[in-house]
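In case it helps, the numbering used here puts the sequence shown at residues 351 to 1101. Every residue gets a Cβ at the ideal spot worked out from N, C-alpha and C, and that includes glycine.
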Amino acid sequence: MEKDKCNKLPKLLVTLTAAVAISSAGWSGSFTGTVSAGAAGIFVSPNVYFTVEDVSLAKGTGKSSLHFTLVLHNEGSGTADLNAFAVSVNAPDGSKYTPKLSGTSSARVWPASTGRYLYSADVSSQASLESLKLSLNRWASDGISKGAGIGSLPLAAAAAPSSGKPVRVQLNEADASLPEDAAVTIVAKDSIRWNRDSGQELYTHLTVVNQGTTAFKWNDNVLLSVQDAKGRTYAAAVVSGGDALLEPQEPATLTVKTSGAGSQSSGTGLKLVLGAKNSGGTFTIGTVPLPERTAAAGVGDAIPYINGDGLELTYRSAVVNAKTDGTTVQTVVEFRNTSKEHVPLPDLSAVYQFGSRATVDGVIDAKPSSAFLAPDEAASYRYTASLPGGVSKDAIELLLLAKETEAGSAAGSTGSADAAGTSGMSAADAKASASTAGTSAGGGTTSAGKAAASGGSSTAAGVSPASDKTAAGYVPAAALSLAKADSGKGGDYAAAQPYTLGGKLPLPGGALEAGLGVSLVEFHKHENEEFGYQTAVAKYKFTNTSVKTLDLPQLGMELTTPDGLVYAGTRQSSAAARILPGTAAVVSYSYMIPPSDKSETLAMTVTDADKMSLGSYKVAFQAEAESGPVSFYPFEVAFNDSTVGWTYSTKTDAQYTYKLILDMTITRKEQVIVDSNFSKMEIELLDPDNRSLASQTVPFLGTGRLVSGKQTFFFNDVKSEQFSSGAHFNIYEVIETPNGPVRRLIKTIQG
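This is the structure in structure tokens:
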């Protein structure tokens, strides 16, 4: 024990169990008493005493294994030596057991210090902790015989686990091939309930510390189950962190999933039971109290991130915008690196949950551009979702889901019918259960579904009993309550200045280099019916009126609704880096907007590289033209005529080829610099049920570009069963962003 902790121990001895005399004349003898927090101790002198911790009894068929930690406290001025004392364990029937010291520790304890010593002993299989006592004797002068007794302690009191207190577990009881000192301490940090199809599941984060001297991994012979106070047993398994190497004295985090226990009401006294199996059957090697549910973090809270060394998670803000036709929610979280070295940012997904079954995927519309954080650097994530109307904000939680680390075989099985009263579940089974099939947070897109990645890293989803779209490969890392969320009124929208599309933004002096101006030249919104979310596309023109080449600034362009919801703009993936004198360049930004948001006028907030606001301006979406030319700024396209035909081939499989002839007039309205990856035209062939059959994407610049006049487009390999007289073509404007392509529907041509 460190000095400051020693000084906190009471200097008065209370609850004496032996008659003693303490006077200025000196110390009359050893005795048993209590120390701080009511813990029992065996006193050698007023300032030197022993306590016992981490007691466990692994019951077997022929014998049982007893493990405990003996702590020697020295608050005196001289040294204390463990070698002066004999340690034994006594049973009521007169049996005496000599425990074996494991590990390597110094026997000499210096003043204002403590020594910790790990002991183990084989005892009768009939022995119980309630009947066993630890006894201390002085060694006789010959160093062989035991001398005078000092005192004894019942082991049961030190064995009773309490919430928040580490529990020592001897893993070599489960696997004899592990080192003799393969002991860990385990404490449950928190528990998070997650709404799933089969009911709520409980995910518990365990802090595990290897107390031995050799590194090893979590052992697959350890059997896991969870029990409540009524004796009901639930399957459990390590689903994340099980493959990590447990270094000596270094804390590691394991995530345990418990099926079914999450649905139990509070007060059921959950505990994690760790078991092992030998030729005689199964036996328990440790029991860890579990919190049945940890209070979700509130707005403004800062907590250590459970899976990141040195990462601090701050719950920055939340907005709940309730309307009659639905509720839009938005949450901003920040990660800050409090360590002295670069650390990786977590791979996150998120779900909003309410009630006992319902969840909705959170769509990320702002995330860090870098995968690492420098010391004291911070990065933010922003999630948005549409919930049903009438959901109270007190009932809404955001679960941050972290990419699980490989559990593999290291997670072990969850017990057997003999040990836990339930059939065992392997780590692989548990992992598959935690990763129910669905759409993962990443993944590619097909020609029939390119809009799935329109601006966010996860697709939108309707409410389901327990949506699994972001569940695949992820486990809960933190729960955030929206009970104290803002109602979403005011903000940047209320302070925004009026603005006319195409005009120069009146940014403050010094915000941009001299001679550089910026204006919003196009602003459209389109609802993607297939994926549920709206996509807004804004195009900004940067004009250089100076006589020198200027760098294109990396500005942030955010949109704020009248209700205070904020949508971050995702910049196009490729754009010019510099602007020549007397020229202009166009850069596009895309925005993911939930379908419940019907705002037609928003505030556009311009921020600099340090996220400082340079001004907010009210802008309105442009209405799509019902006839006449269509803007693909800086190009304008007039669709003069169209012809649709098809041919049939029986050379191989019966297949059709569709042919679309477009007569277009393409005009470049302004001479501005655009990248070859700027706006393109996508032509998609769909059947009467709007299922995509084929598509083509054509640029306005470069090889194969669109030109004025007639152009023919072929759509091959349409199978007979896909052919229909009701097929039609959708024409989109497509813009590439770092999160994938975003589309705006321009025109539909019937087949």
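Cβ of residue i within 8 Å of any chain C Cβ
i: F892; result: You won't find chain C in this structure, because it holds only one protein chain.
Helix, strand or coil at residue i according to DSSP, with G and I counted as helix
i: N1040; result: coil
i: T632; result: strand
i: A506; result: helix
i: D540; result: strand
i: N433; result: helix
i: D472; result: strand
i: N397; result: coil
i: K743; result: helix
i: E662; result: strand
i: L750; result: strand
i: N522; result: helix
i: S406; result: strand
i: P529; result: coil
i: Q1100; result: strand
i: F1028; result: coil
i: Y1082; result: strand
i: P1091; result: strand
i: D715; result: strand
i: N569; result: coil
Rounded straight-line distance, which links the Cα of residue j to that of residue i
i: E1086; j: R921; result: 9 Å
i: E950; j: A973; result: 10 Å
i: R1041; j: I1081; result: 15 Å
i: E1020; j: T997; result: 40 Å
i: I1096; j: T1015; result: 15 Å
i: S445; j: S481; result: 11 Å
i: A708; j: Y883; result: 19 Å
i: G660; j: D531; result: 29 Å
i: T893; j: A845; result: 26 Å
i: A835; j: N671; result: 9 Å
i: G549; j: G610; result: 7 Å
i: S491; j: A498; result: 11 Å
i: V623; j: V1092; result: 50 Å
i: N657; j: P696; result: 8 Å
i: G619; j: R582; result: 11 Å
Element boundaries [beta strand (DSSP E), containing residue i]
i: Y702; result: 698–704
i: W460; result: W460 -> no beta strand (DSSP E), and no H or E assigned at all.
i: L486; result: 483–489
i: T955; result: 951–957
i: P601; result: 601–609
i: V559; result: 549–560
i: S575; result: 573–577
i: W996; result: 985–999
i: E908; result: 906–910
i: D1067; result: 1059–1069
i: I1011; result: 1005–1018
i: V980; result: 980–982
i: A729; result: 728–737
i: G1052; result: First-last for G1052: undefined, no H or E at that position.
i: P826; result: 824–831
i: K413; result: 413–424
i: F971; result: Looking at the DSSP string, F971 is not in any beta strand (DSSP E), and its letter there is neither H nor E.
i: Y883; result: Segment: none, Y883 is in no beta strand (DSSP E) and carries neither H nor E.
i: V916; result: 916–918
Limits of the unbroken alpha helix (DSSP H) element including residue i
i: Y655; result: Note, Y655: premise wrong, no alpha helix (DSSP H); not H, not E.
i: Y843; result: 842–845
Contact belief for residue i with residue j at Cβ below 8 Å, rounded distance in angstroms
i: L556; j: I536; result: 5 Å
i: V710; j: Y702; result: 5 Å
i: V683; j: R666; result: 6 Å
i: V1024; j: L1051; result: 7 Å
i: L855; j: G932; result: About 20 Å; that fails the 8 Å criterion.
i: L640; j: A538; result: 5 Å
i: S502; j: L528; result: The Cβ separation is near 32 Å, so there is no contact.
i: A827; j: L750; result: 5 Å
i: R643; j: T664; result: Contact doesn't hold; Cβ gap of about 22 Å is too wide.
Exposed unless 16 or more other CB atoms sit within 10 angstroms - verdict on residue i
i: Q1100; result: exposed
i: G412; result: exposed
i: Q561; result: buried
i: G739; result: exposed
i: V825; result: buried
i: Q577; result: buried
i: L1010; result: buried
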